[in-house]
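Notes follow once the structure below has been shown.
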Amino acid sequence: EGKVVKTIPGFISGMTNSPAFDTKLAVDGAGNIFALTSSTIYKFTADGKYENKFGSRGNEPGQFRSPQAIAIDQQSRIYVADSAGVLVFAPDGRYLDTLRVEGGAPSGMVFNDKNELFIVARTFVFKYVLSR
Numbered sequence: 042e043g044k045v046v047k048t049i050p051g052f053i054s055g056m057t058n059s060p061a062f063d064t065k066l067a068v069d070g071a072g073n074i075f076a077l078t079s080s081t082i083y084k085f086t087a088d089g090k091y092e093n094k095f096g097s098r099g100n101e102p103g104q105f106r107s108p109q110a111i112a113i114d115q116q117s118r119i120y121v122a123d124s125a126g127v128l129v130f131a132p133d134g135r136y137l138d139t140l141r142v143e144g145g146a147p148s149g150m151v152f153n154d155k156n157e158l159f160i161v162a163r164t165f166v167f168k169y170v171l172s173r
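Encoded structure:
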């Protein structure tokens with residue numbers, strides 16, 4: 042069994058203007074909370090204090106078309122599953138790269154404790170071993 046240790050009421054929908062059910066969340070090793078909406082990533086401290094936001098909708102590298110999931114690796118890089126692939130951002134929000142995914146648009150992903158990235162796209166699951 043678990044118990045709720047902290048509740049931050051309304052902080053996601055209040056800051057993002059996006060319904061909470063339409064927002065995807067990830068937490069980094071320091072406890073920072075990243076909220077992904079349809080066009081932006083919002084960063085909050087572990088206490089729920091807004092820090093910054095980054096990202097935009099579009100077709101250029103680093104822009105979102107249809108973001109579906111968010112994950113964070115052990116180096117605090119942010120990964121967003123999008124119809125164009127998996128977009129990778131530095132902890133400060135700077136766009137780094139896009140991982141192309143064979144077999145279609147990725148719809149979900151997760152890191153394991155070995156910092157390996159598992160991505161689901163249609164009926165496939167891909168495992169990425171990140172070297173940097």
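Residue numbers (the numbering used here): 42 to 173. We treat Cβ as the ideally placed atom computed from N, Cα and C, and that holds for glycine.
{"Check": "DSSP three-state label for Asp63, please.", "Outcome": "helix"}
{"Check": "Determine whether the beta carbon atoms of Tyr136 and Gly103 lie at a separation below 7 angstroms.", "Outcome": "yes"}
{"Check": "With distances taken Cα to Cα, identify the nearest neighbour of Val46 among Leu66, Ala87, Ser79 and Tyr83.", "Outcome": "Ala87"}
{"Check": "Going by C-alpha distance, which of Tyr83, Asp133, Lys168 and Asn153 is nearest Pro147?", "Outcome": "Lys168"}
{"Check": "Quick one: using the 10 Å Cβ neighbour count with 16 as the cut-off for buried, is Thr78 buried or exposed?", "Outcome": "buried"}
{"Check": "Go ahead and label Asp123 buried or exposed: buried means 16 or more other beta carbons lie within 10 angstroms of its beta carbon, across all protein chains shown.", "Outcome": "buried"}
{"Check": "Would you say Arg118 and Val129 are within 7 angstroms of each other, going by their C-beta atoms?", "Outcome": "yes"}
{"Check": "How about Asp69 and Ile113: do their beta carbons lie closer than 7 angstroms?", "Outcome": "yes"}
{"Check": "Short of 8 angstroms in beta carbon distance, which residues of its chain neighbour Val151, apart from the five on each side in sequence? Order them along the chain.", "Outcome": "Ala112, Leu158 and Phe159"}
{"Check": "Roughly how many angstroms lie between the CA atoms of Gly149 and Lys90, to the nearest whole one?", "Outcome": "27 angstroms"}
{"Check": "Need the endpoints of the beta strand (DSSP E) that Phe95 sits in, please.", "Outcome": "Tyr91 to Phe95"}
{"Check": "If we ignore side chains and look at the alpha-carbon of each, how far apart do Lys84 and Gln109 end up?", "Outcome": "17 angstroms"}
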